[in-house]
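Contents: one structure, followed by commentary.
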Amino acid sequence: MILRDPPHHLKLFFIMQGSIVPRVAPLICLVTAIALAVVLVDRFVQPLPHISLAATGVFGIALSLFLGFRNNAAYERWWEARKLWGGLVADMRSLGRESDLFLTDDILRRQFLRCAVLFTHLHRFALRGPDDHKALDQWAGEDPELVSLATPCAALNAANGILCDAAKAGTIDGFGRKALSERLASISLAQAGCERIRVTPLPFVYSLLVLRTSWLYCLAVPFALIESTGILAPVFAAVIAYVFFGLAAVTEELEHPFADRAHGLPLAAMTRTIEIALAERIGAPVPEPLKPQNGILV
Amino acid sequence: MILRDPPHHLKLFFIMQGSIVPRVAPLICLVTAIALAVVLVDRFVQPLPHISLAATGVFGIALSLFLGFRNNAAYERWWEARKLWGGLVADMRSLGRESDLFLTDDILRRQFLRCAVLFTHLHRFALRGPDDHKALDQWAGEDPELVSLATPCAALNAANGILCDAAKAGTIDGFGRKALSERLASISLAQAGCERIRVTPLPFVYSLLVLRTSWLYCLAVPFALIESTGILAPVFAAVIAYVFFGLAAVTEELEHPFADRAHGLPLAAMTRTIEIALAERIGAPVPEPLKPQNGILV
Amino acid sequence: MILRDPPHHLKLFFIMQGSIVPRVAPLICLVTAIALAVVLVDRFVQPLPHISLAATGVFGIALSLFLGFRNNAAYERWWEARKLWGGLVADMRSLGRESDLFLTDDILRRQFLRCAVLFTHLHRFALRGPDDHKALDQWAGEDPELVSLATPCAALNAANGILCDAAKAGTIDGFGRKALSERLASISLAQAGCERIRVTPLPFVYSLLVLRTSWLYCLAVPFALIESTGILAPVFAAVIAYVFFGLAAVTEELEHPFADRAHGLPLAAMTRTIEIALAERIGAPVPEPLKPQNGILV
Amino acid sequence: MILRDPPHHLKLFFIMQGSIVPRVAPLICLVTAIALAVVLVDRFVQPLPHISLAATGVFGIALSLFLGFRNNAAYERWWEARKLWGGLVADMRSLGRESDLFLTDDILRRQFLRCAVLFTHLHRFALRGPDDHKALDQWAGEDPELVSLATPCAALNAANGILCDAAKAGTIDGFGRKALSERLASISLAQAGCERIRVTPLPFVYSLLVLRTSWLYCLAVPFALIESTGILAPVFAAVIAYVFFGLAAVTEELEHPFADRAHGLPLAAMTRTIEIALAERIGAPVPEPLKPQNGILV
Amino acid sequence: MILRDPPHHLKLFFIMQGSIVPRVAPLICLVTAIALAVVLVDRFVQPLPHISLAATGVFGIALSLFLGFRNNAAYERWWEARKLWGGLVADMRSLGRESDLFLTDDILRRQFLRCAVLFTHLHRFALRGPDDHKALDQWAGEDPELVSLATPCAALNAANGILCDAAKAGTIDGFGRKALSERLASISLAQAGCERIRVTPLPFVYSLLVLRTSWLYCLAVPFALIESTGILAPVFAAVIAYVFFGLAAVTEELEHPFADRAHGLPLAAMTRTIEIALAERIGAPVPEPLKPQNGILV
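Protein sequences appear in the order of chains E, P, G, X and F. No gaps in the numbering here: position 293 of the first sequence is 293 in the working numbering, and each next residue is one more. Each number in the working numbering comes from the position in the second sequence (counting from 1) with 298 added on. Each number in the working numbering comes from the position in the third sequence (counting from 1) with 596 added on. Each number in the working numbering comes from the position in the fourth sequence (counting from 1) with 894 added on. Each number in the working numbering comes from the position in the fifth sequence (counting from 1) with 1192 added on.
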């Protein structure tokens, strides 16, 4: 995630970080070239059919509709993903407090919370791909059961198994079992929400509809622009391509909030927040929060 | 559900999978033919009344309004359906964990969880039509009570009956009854939400309003295009028909998220996820997750 | 509620069921007549002031804004009402299961569930007007207390009274009282939500704003159309009237989701679903689900 | 709140109740006078600069954006306020039932419910200003502790104090304390929600932005209308002023849902609904529901 | 937060408080100067290429789309932040009541509630920066454990520790531990929600897209205005700059609801509301609510 102040107006046009210009530059060039060719052919080779700009207006309206819809849907996915992780942070802090209150056996409580931290890492791996196996080893310690955990579900099952052990040993009462299993269920709900966003893209047909309409529009618009903007037509075509392909590219990026891209969510930093919340109770050293590197928080 | 990367721009116009072009091709052809006829009659037979493009603009605005509304409503149905199934996956995983914690009798617990898996299959059958009776037999085993289950409600009732048996036998305490009946109620709520989406289509009047306005627009627009786009009028009419009838077709498809179509939700794959979550506790072999076939996950 | 497939394009213009054409036909005729009169006077009697179509465009934008807003708000009311009834179905099924689990006295449990069914009927009566007193008699049986129930609140109070009786008799424990009173509270919340929608219309001022602006637009637009569409002006005026008055009429219908109209919610069918869910536990014969009659489910 | 049927089309233009015309009439007159002056000066004194209507179009779009946003935000505040009160009605009914079930001491239960009714009145006073001190006296009776209650928080604290007394006296068990304190917390949440809406207006800057842009638009548009609508320019300017200032006025009214205006929520009637729900349990006569007076429910 | 009535129409153009004019004045001047230069060069030096206003219309539509989206997203962040604090107020009042009911030890209860007040201050510091260390000292008293609290999480952990102490001492039962830990978890969720809004800005790419498109539009529009508005072109350009840069500036301000700006949320006043709710139970003097100073509530 990019963390920087909005640029001053002077620097505005030269910022590349977080910009979608590099990604859509080839398309902008292509559209500009087509518009330039249309203008040149029309002036020097042979008059081409001029069309009224109003006739392309209906495309503009339809394209706004499609892009506006996709942009809203993609942003809502991104923001819902952030909310789910924010809820996970709160759940983990509450899990720590509730384990203090309800799980009186110190050893079991530490193991229980280590499962929770391992869950967070494994959940992150499941969303973004494994990136930090050292963290797993560090939190699993030498407990063979914890070392063997490979999926977030397995980590929650292990945590639940510790509750069963405590119940058998009589070190947790009914209220504690109810409270902690409700908390695990809440964590499980956030986990399933994140999985839902990861495995369910926006319906594929919208990509087709938006990209095809954008292309048809960009191919038609030079024939309208030669009439109304004259020699500036290629400039206008370039700006139109920037606006529409740019928004399409932004949308595609936000659609995948867990991807490891510039606008992806800072999963590692949020995992660290959870580690900080639980480290002391586990008896581990409290790590430092992650800082943005060059304005990027991962 | 279609799972594939957005196409490269070269292939963009040739992709048929997930495209709505095949479905609306006849309409596009018809509109193009009408526009062509209008142009030819106007040029070679007898001048037709030309109308200003601005006069058709009000249709365009109204149509954007109708289509934008329907598209949003249909997508929200689709996404809500996905959320309900995502919640069901989380509920089932929590049901497994809570049955470990609260239902101490091993035999009853396995039977209880088999009811839950059977519910998932029967729920899917109720939404999409029965497609896999072998799965039912496999999970019901030889228990006559489970074999006779025919509706998702019956499966939940059977699960509840097992809790009653456990309560009578004293192998579940008050906390357990409370926790597990809350979980069943949560599952029941997701079930009723899915049924709601399946049996309540978008109000029929919108279909009429959108289709009639689209047709009136497509019939009027050629008379405006002969003025402003000349010989290109049929091309423009074709694109307009593609955009508006295409979006209407997309909308109709997403309106029915449980239908067995290209953009339907992958109910079978999500059922499999639930089977994987519960299989081990039941003592059954853990099945493999479903993979997309030719980019389609069912 | 209308349950039928979207029409084939041929039949599209001749469907009357669910169409708002009959309701707005007089308005369409009136607007068409005015436009015709304007054209005729302008051509044969005396030239009228022509106005530019762009000048009416600002009305079009404002009207889209108002109609779009009202349409969204009305549809959301309709869909929220459906969600509340869907939640009620889930609550009633869970109530049945929880009464199995927590209310061990058979006689009290049956009476409790009969109160629940009576509540559903009385709730429906309160929303749509009483229509089926036989159902009340059938479910109340000969119990004088149940026969005298007249409001949905009274039915819930009676159900609660049965829980008090059971508590005094010691046949329900604390967990049961907590679980069942939570369920009654959830039902009560759905009830209050439905009442809210029924007694709180959309703010009256929007009706005025939309209808007045629509009329002003329809009166102004012929003066613009004589310029840009010539002799086709009455046709265009008719379509504009259809689109705007039609959407206003749709909105007004969806604004009242409990009314007994073509697009009203199928309250009787949903009540029947609840009867089916609880009949067996009460010891009554399980009724058949309601089927649509001529494509209408009431 | 205005409760009346939408007007027949004949009466439509003469309804003043609930109309915003009286409030914006001075503005409409002013704008019309300016437009008339522009037309007269342009025709008879000295030609003024004519501007193209398209140039004012960008204002129209921006204004739609601002007004559409503010209107949605204001309506959502109004509807959320109504939802919070609807939830309060449900909570109060459930509070009555749960006190039957969990609070076995008759005297304490009555006092508890009188606190609840007093809370409702005091909550209404806090939102709309005190209007009916007789009601307070009636429900407080001669209990000095209840008579002295002056804020909604104090009433809820008193209700909670009664639960503490019952707990000390042993006439309420743990389940009852949990259930009733959860209910009080739910009431407290609705209370805080209403307070939030009352003390937090829409950001002030939007008022400025909307009003300034509306004025600039209304001052610019006559220079465009003299070209495109000729002598009808003042009529058009009047309608534009009606549409934009009218919507701004509607928005401002709905922004304050608790104000004692035509479109304010019927707080007194909803308070009465709560009194009806609890009166019998308290042993007081059940009052009649409030009826609309001249189509207005307060 | 600005609390003042909407201005009368006369004063409307002279209000600076809460206006974004001062912030965007340089941009407006710059755009006006460019437009003036374009007009002067075109008239007196050398004709510049004139472009049709319709060609800039597509920018206008795209810009409305971007600005509308960003404005909605920023307002929703602002309003969600307000909801979270409103929920916090309700949670704190309920925490006070529940501690009365469930935490019978007077000394522990007071210390517990002092932790809650300290949490509120520390939470505010974490969002807006520390501004009032005297308040911390006042509520921490001379208790060394409370004096050392430095983060909101630490304050909640301390509150939880008091519950653990009470549990060991046997002065809180299972219901109390369940109720109060649920309340702490609810507070923790509100805290995490506020943190989420503070640390996650709107995706950076939208700022770039909006600002770049605004600039391109403002640079292109003078070439269109010289045709359609003549000598008034600089005035129109100024208004367009006001509308678009103004909305962008509003958006940026609302995007940061916890910042100490004119439209920031009144965190100090809401903290005071919580102090008022809990002071009496702690045995501290009840402070006065904060009043707006010059129409600003901080």
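Ideal Cβ placement from N, Cα and C applies to all residues, glycine included. Computed from a prediction, not measured in an experiment: that's the story for all the values here.
- Of all alpha-carbon atoms in F:L1305, F:G1475 and F:F1205, the one lying nearest the alpha-carbon of R1375 of chain F is that of F:L1305.
- Distance from L267 of chain E to R128 of chain E at the Cβ level is roughly 6 Å; contact confirmed, criterion being Cβ atoms closer than 8 Å.
- In the structure shown, I349 of chain P adopts coil according to DSSP, grouped into three states.
- Of all residues in the stretch 1036-1048 of chain X, only C1047 come within less than 9 Å of chain F when Cβ atoms are compared, listed by chain position.
- Contact annotation: R110 of chain E and R380 of chain P have beta-carbon atoms that are not nearer than 8 Å.
- Listed as beta-bridge partners of Q1485 of chain F by DSSP are F:I1488.
- In the displayed model, I1194 of chain F falls within a strand according to three-state DSSP.
- In this structure, DSSP gives M1164 of chain X a helical state, which the three-state scheme calls helix.
- Listed along the chain, the chain X residues whose CB falls inside 7 Å of the CB of V894 of chain G amount to none; the nearest CB is some 23 Å away.
- With its beta carbon less than 8 Å from one in chain E, R380 of chain P belongs to the interface.
- Against chain X, a Cβ distance below 7 Å from I1243 of chain F picks out nothing, because the smallest value is about 12 Å.
- F102 of chain E counts as buried, since at least 16 other C-beta atoms from the protein chains shown sit within 10 angstroms of its C-beta.
- L523, S526, T527, G528, I529, L530, F534, V537, I538 and V541: these are the residues of the stretch 523-543 of chain P whose beta carbon lies less than 7 Å from some beta carbon of chain E, given in chain order.
- D769 of chain G has a beta carbon lying within less than 8 Å of a beta carbon in chain P.
- The three-state secondary structure of S64 of chain E, taken from DSSP, is helix.
- Taking a C-beta distance under 8 Å as the contact criterion, L1276 of chain F and L1314 of chain F do not qualify as a contact pair.
- Assignment of P1393 of chain F by DSSP, reduced to helix, strand and coil, places it in the coil class.
- Relative to the Cα of P1214 of chain F, the nearest Cα in the group F:L1381, F:A1358, F:A1476 and F:V1442 belongs to F:V1442.
- In this structure, L1228 of chain F lies near P1426 of chain F, with their beta-carbon atoms less than 8 Å apart.
- Flagged as an interface residue toward chain E: G316 of chain P, by a C-beta distance shorter than 8 Å.
- In the structure shown, the three-state DSSP call for G472 of chain P is helix.
- In this structure, the CA atom of T767 of chain G is about 53 Å from the CA atom of Q138 of chain E.
- Look at N1188 of chain X: its C-beta is not under 8 Å from any C-beta on chain F.
- In this model, D999 of chain X and G581 of chain P are separated by some 52 Å (Cα to Cα).
- Proximity to T449 of chain P across P:E440, P:L461 and P:H431 peaks at P:H431, based on C-alpha coordinates.
- Not one beta carbon of chain F lies nearer than 8 Å to the beta carbon of R177 of chain E.
- With respect to the C-alpha of D1292 of chain F, the residue from X:L961, X:S1075 and X:A927 having the closest C-alpha is X:S1075.
- In terms of Cα proximity to R475 of chain P, the closest of P:L393, P:T569 and P:A575 is P:L393.
- A1308 of chain F sits away from A90 of chain E, with the two beta carbons spaced by 8 Å or more.
- Assignment of L103 of chain E by DSSP, reduced to helix, strand and coil, places it in the coil class.
- Contact fails between the stretch 453-461 of chain P and the stretch 639-654 of chain G, because fewer than three Cβ pairs, one in each stretch, are under 8 Å apart.
- E145 of chain E and A126 of chain E have their C-alpha atoms some 20 Å from each other.
- In the structure shown, P285 of chain E adopts coil according to DSSP, grouped into three states.
- F367 of chain P has a beta carbon lying within less than 8 Å of a beta carbon in chain G.
- Here DSSP, grouped into helix, strand and coil, assigns H717 of chain G to helix.
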